[in-house]
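Engineer: In the order they appear, the protein sequences are chains A and B. Residue numbering for the first sequence follows numbering that gives the first Met the number 0, starting at 0 and increasing by one per position. Residue numbering for the second sequence follows numbering that gives the first Met the number 0, starting at 0 and increasing by one per position. Ideal placement from N, C-alpha and C gives every residue a C-beta, glycine not left out.
2 protein chains.
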Amino acid sequence: MPKPTFFRLPDEKRERLIKAAYAEFTRAPFAEASISNIIKDAGIPRGSFYQYFEDKSDVFFYLLDQMRESTQAWMKKTIDTHHGDLYAALADVFDHVIDELVDGPYAPFYRNVFMYMDFHSAAKISPTPAPQPPHGKGELINYMVAHIDRSRLNVHSDAELHLLIHMVMGMFMQTVGYYYNRLSQGEQISVAELKRRLAQLLEWLQNGTVNKEERHD
Amino acid sequence: MPKPTFFRLPDEKRERLIKAAYAEFTRAPFAEASISNIIKDAGIPRGSFYQYFEDKSDVFFYLLDQMRESTQAWMKKTIDTHHGDLYAALADVFDHVIDELVDGPYAPFYRNVFMYMDFHSAAKISPTPAPQPPHGKGELINYMVAHIDRSRLNVHSDAELHLLIHMVMGMFMQTVGYYYNRLSQGEQISVAELKRRLAQLLEWLQNGTVNKEERHD
DNA sequence: TTCGTCATGTGACAACTTGTCATTATACGC
DNA sequence: GCGTATAATGACAAGTTGTCACATGACGAA
Numbered sequence: 000m001p002k003p004t005f006f007r008l009p010d011e012k013r014e015r016l017i018k019a020a021y022a023e024f025t026r027a028p029f030a031e032a033s034i035s036n037i038i039k040d041a042g043i044p045r046g047s048f049y050q051y052f053e054d055k056s057d058v059f060f061y062l063l064d065q066m067r068e069s070t071q072a073w074m075k076k077t078i079d080t081h082h083g084d085l086y087a088a089l090a091d092v093f094d095h096v097i098d099e100l101v102d103g104p105y106a107p108f109y110r111n112v113f114m115y116m117d118f119h120s121a122a123k124i125s126p127t128p129a130p131q132p133p134h135g136k137g138e139l140i141n142y143m144v145a146h147i148d149r150s151r152l153n154v155h156s157d158a159e160l161h162l163l164i165h166m167v168m169g170m171f172m173q174t175v176g177y178y179y180n181r182l183s184q185g186e187q188i189s190v191a192e193l194k195r196r197l198a199q200l201l202e203w204l205q206n207g208t209v210n211k212e213e214r215h216d
Numbered sequence: 000m001p002k003p004t005f006f007r008l009p010d011e012k013r014e015r016l017i018k019a020a021y022a023e024f025t026r027a028p029f030a031e032a033s034i035s036n037i038i039k040d041a042g043i044p045r046g047s048f049y050q051y052f053e054d055k056s057d058v059f060f061y062l063l064d065q066m067r068e069s070t071q072a073w074m075k076k077t078i079d080t081h082h083g084d085l086y087a088a089l090a091d092v093f094d095h096v097i098d099e100l101v102d103g104p105y106a107p108f109y110r111n112v113f114m115y116m117d118f119h120s121a122a123k124i125s126p127t128p129a130p131q132p133p134h135g136k137g138e139l140i141n142y143m144v145a146h147i148d149r150s151r152l153n154v155h156s157d158a159e160l161h162l163l164i165h166m167v168m169g170m171f172m173q174t175v176g177y178y179y180n181r182l183s184q185g186e187q188i189s190v191a192e193l194k195r196r197l198a199q200l201l202e203w204l205q206n207g208t209v210n211k212e213e214r215h216d
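1) What's the call for threonine 208 of chain A, buried or exposed, on a 16-neighbour Cβ count within 10 Å?
2) Could you run through the stretch 101-118 of chain B and flag, in chain order, every residue whose CB is less than 8 Å away from some CB of chain A?
3) Check whether chain B comes within 9 Å of valine 190 of chain A, counting only Cβ atoms and requiring the distance to be less than that.
4) Roughly how many angstroms separate the alpha carbons of methionine 172 of chain A and glutamine 173 of chain B, rounded to a whole number?
5) Nearest to tryptophan 203 of chain A by alpha carbon, out of B:Leu197, B:Asp94, B:Leu162, B:Leu182?
6) Taking 8 Å as the threshold, find out whether the stretch 0-9 of chain B comes into contact with the stretch 185-193 of chain B through three or more Cβ pairs.
7) Short of 7 Å in beta carbon distance, which residues of its chain neighbour valine 271 of chain A, apart from the five on each side in sequence? Order them along the chain.
8) On the criterion of 16 or more Cβ atoms from any shown chain inside 10 Å, does alanine 121 of chain A qualify as buried, or is it exposed?
9) Name the one or two DSSP bridge partners that aspartate 117 of chain B has.
10) Can you round the beta-carbon distance between glutamine 194 of chain A and aspartate 91 of chain A to whole angstroms, since I take them to be within the 8 Å contact cut?
11) If you compare alpha carbons, which of B:Ile124, B:Gly176, B:Leu152, B:Arg196 is closest to methionine 66 of chain B?
12) Which partner residues of valine 209 of chain A appear in the DSSP bridge assignment?
13) Could you work out which residues of chain A lie near leucine 197 of chain B, taking near to mean beta carbons separated by less than 7 Å?
14) Going by beta-carbon coordinates alone, are phenylalanine 29 of chain B and isoleucine 37 of chain B separated by less than 9 Å?
15) Classify aspartate 223 of chain B as buried or exposed, calling it buried when 16 or more other Cβ atoms lie within 10 Å of its own Cβ.
16) Just the C-alpha distance for methionine 74 of chain B and methionine 74 of chain A, rounded to the nearest angstrom, thanks.
17) Which residues mark the beginning and the end of the alpha helix (DSSP H) in which aspartate 91 of chain B is found?
18) Going by C-alpha to C-alpha distance, which of A:Glu53, A:Phe59, A:Glu11 sits closest to alanine 27 of chain A?
19) Okay, do the stretch 137-157 of chain A and the stretch 77-86 of chain A touch, 3+ Cβ pairs below 8 Å being the bar?
20) Measuring alpha carbon to alpha carbon, tell me which of B:Leu182, B:Met166, B:Tyr86, B:Gln50 ends up nearest asparagine 206 of chain B.
21) Arginine 7 of chain B by DSSP, collapsed to three states: which one?
22) On a Cα-Cα basis, can you pick out the residue from A:Thr25, A:Met168, A:Tyr178 that is closest to glutamine 71 of chain A?
23) Secondary structure at serine 33 of chain B, three-state DSSP: helix, strand or coil?
24) Mind checking alanine 198 of chain B: buried by the 16 CB within 10 Å criterion, or exposed?
25) In angstroms with no decimal places, state the Cα-to-Cα distance between histidine 165 of chain B and tyrosine 105 of chain A.
26) Are any of the Cβ atoms in chain A nearer than 9 Å to that of threonine 208 of chain B?
27) Using only CA atoms, which one of A:Tyr61, A:Asp117, A:Glu138 lies nearest to phenylalanine 113 of chain B?
28) If you compare alpha carbons, which of B:Gly176, B:Lys18, B:Asp40 is closest to asparagine 111 of chain B?
29) Does arginine 45 of chain B pass the burial test, meaning 16 or more other C-beta atoms within 10 Å, or should it be called exposed?
30) In terms of residue numbering, what span does the alpha helix (DSSP H) encompassing histidine 161 of chain A cover?
31) Taking the continuous alpha helix (DSSP H) assigned at tyrosine 105 of chain B, which residues delimit it?
32) Does DSSP put glycine 42 of chain B in a helix, a strand or coil?
33) Would you check if the distance between the CB atom of isoleucine 34 of chain A and the CB atom of aspartate 64 of chain A is smaller than 9 Å?
34) Which residues in chain B have a C-beta closer than 8 Å to the C-beta of glycine 137 of chain A? List them in chain order.
35) According to DSSP, simplified to helix, strand and coil, what is aspartate 64 of chain B?
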């Protein structure tokens, strides 16, 4: 988390810093991004940066957190809209988020995020099946566990539902990561194809991949 | 790939280098590992390192490649043993690989690999659904597409089987990554629990997560 | 106004990186 | 014994990060 001083900054200065940080993490993936560039761009001295943030990842995850919050709100809303129908909500959200990731104003930033997101970092963002402080990463998954309609789901405990949600989220990130990888290799797949893949994965997850002997229909 | 000079090195020196590289990537995750430490440990001058390798990731992926090869061989063998039964083979391989990852001599190295493996790097290792050079990362997935028994699988094309395999592999890595994350947070889960989770995920993938209305049993 | 105190701003600095390159050493064929 | 290609070497430039002693505010009390 940014230090208190950061939040006491005059709006103009704070926004200048954030903008510079976005620019740098858009220019280069986390490992290659440099604090030097951010402060040069924002026009603040080096010492000040460390007055506001712990280090590079502190800014980075602050930016990510902002993105998470909006997505999280959208997800909750969608679950309600679909009266707790997990897969209907997921299909909806995936579509929406992908449009955001691919066409939205921050698309190139997200690209760096997804391609170079490791499991350690992902754990800081995506919902974690663990006791969580009231607000933050765990909030969404707890909301989901509480509001998902399980009557038609083959899960038998909170833990199992946690696992399922965790898996679906991971699957989503993986697939988006795959899309960006292809993009950066010039072997771009279309957004439609990306969505088709996700739909297929969801379908498998719902109905399984194994043919039941003699389906009665 | 290491440069030709590297492979012409006297065995003793080459092994010393590899050993030092393993030590460094065991000590620290990729981003924090330093070439300086490797050469200090191996006792070779800086310039020589660059005679053998392109850069840090060149050594790193060389090490990973060695691990991939052995796992790959095991996977193929297991598919044959199970006469192309995808899920039986996967269950087998997962169990074996996990024991390797958790108890094997390279466990701490793998830990760093999995926790800090991003999607971009993963693409270099895990099977990619794309036309592939005869040998390497794509070899396994092509072998699988060719040898998996599809008669009981709900897949209708090579592309779909690719996708399925891709997803299962990703799911595996994600779950192992999760295990290591918990480990590093002190909230360790047991190996048995890890295996149970994977088994559950495979089960869902086979039979689906949605209750068919009125199962006839 | 003058002082004290606490929060901020600042940039020079040490301690590391990495990749290069001119130079030296070695091996091998003739 | 000589020439040439291949390999070894370490000083170096150019960059990075985090720190710290000090300067500059701001604001209330005397």
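Structural biologist: Answer, in terms of the structure:
1) With 16 or more other Cβ atoms within 10 Å, it is buried.
2) Flagged, chain order: Phe113, Met114, Tyr115, Met116, Asp117, Phe118.
3) Chain B contact via Cβ: absent.
4) Answer to the nearest angstrom: the Cα atoms are 10 Å apart.
5) Sorting B:Leu197, B:Asp94, B:Leu162, B:Leu182 by C-alpha distance to the C-alpha of tryptophan 203 of chain A places B:Leu162 at the top.
6) Using a C-beta cut-off of 8 Å, the stretch 0-9 of chain B makes no contact with the stretch 185-193 of chain B, since fewer than three inter-stretch Cβ pairs fall below that distance.
7) Lying before the first or after the last residue shown, residue 271 of chain A is absent from chain A, which here runs from 0 to 216.
8) With 16 or more other Cβ atoms within 10 Å, it is buried.
9) Partner(s): A:Asp117.
10) Before going on, a small fix: residue 194 of chain A reads as lysine here, not glutamine. Your pair lysine 194 of chain A and aspartate 91 of chain A does not check out as a contact, with CB atoms roughly 12 Å apart and the cut at 8 Å.
11) It is B:Ile124.
12) Note: valine 209 of chain A sits in a beta bridge opposite B:Leu152.
13) Among the residues of chain A, none has a CB under 7 Å from the CB of leucine 197 of chain B; the nearest is roughly 10 Å distant.
14) At a Cβ-Cβ threshold of 9 Å, phenylalanine 29 of chain B and isoleucine 37 of chain B do not count as neighbours.
15) Any property of residue 223 of chain B remains undetermined from this structure, which presents chain B solely from 0 to 216.
16) Near 38 Å, if we compare the C-alpha coordinates of methionine 74 of chain A and methionine 74 of chain B.
17) Taken as a continuous stretch (DSSP letters only), the alpha helix (DSSP H) holding aspartate 91 of chain B covers 85-102.
18) Minimum Cα distance to alanine 27 of chain A is reached at A:Phe59.
19) Yes, they touch.
20) Considering only alpha carbons, the answer is B:Tyr86.
21) Coil at arginine 7 of chain B, not helix or strand.
22) The option with the nearest alpha carbon to glutamine 71 of chain A is A:Met168.
23) Here serine 33 of chain B sits in coil by DSSP.
24) By the 10 Å Cβ count, alanine 198 of chain B comes out exposed.
25) In this structure, the alpha-carbon of histidine 165 of chain B lies about 28 Å from that of tyrosine 105 of chain A.
26) Any Cβ of chain A closer than 9 Å to the Cβ of threonine 208 of chain B would place that residue at the interface, and such an atom is present.
27) Taking phenylalanine 113 of chain B as reference, the option from A:Tyr61, A:Asp117, A:Glu138 with the minimal CA-CA separation is A:Asp117.
28) Of B:Gly176, B:Lys18, B:Asp40, the residue nearest in Cα terms is B:Gly176.
29) With fewer than 16 Cβ atoms within 10 Å of its Cβ, arginine 45 of chain B is classed as exposed.
30) Counting along the chain, the alpha helix (DSSP H) containing histidine 161 of chain A begins and ends at 157-183.
31) If you look at tyrosine 105 of chain B, you'll find it isn't in any alpha helix (DSSP H); DSSP assigns it neither H nor E.
32) DSSP places glycine 42 of chain B in coil when its eight states are reduced to three.
33) No, the pair does not count as a contact, with Cβ atoms beyond the cut-off.
34) For glycine 137 of chain A, there are no C-beta contacts with chain B under 8 Å, since the nearest C-beta of that chain is about 13 Å from it.
35) Looking at aspartate 64 of chain B - three-state DSSP - the assignment turns out to be helix.
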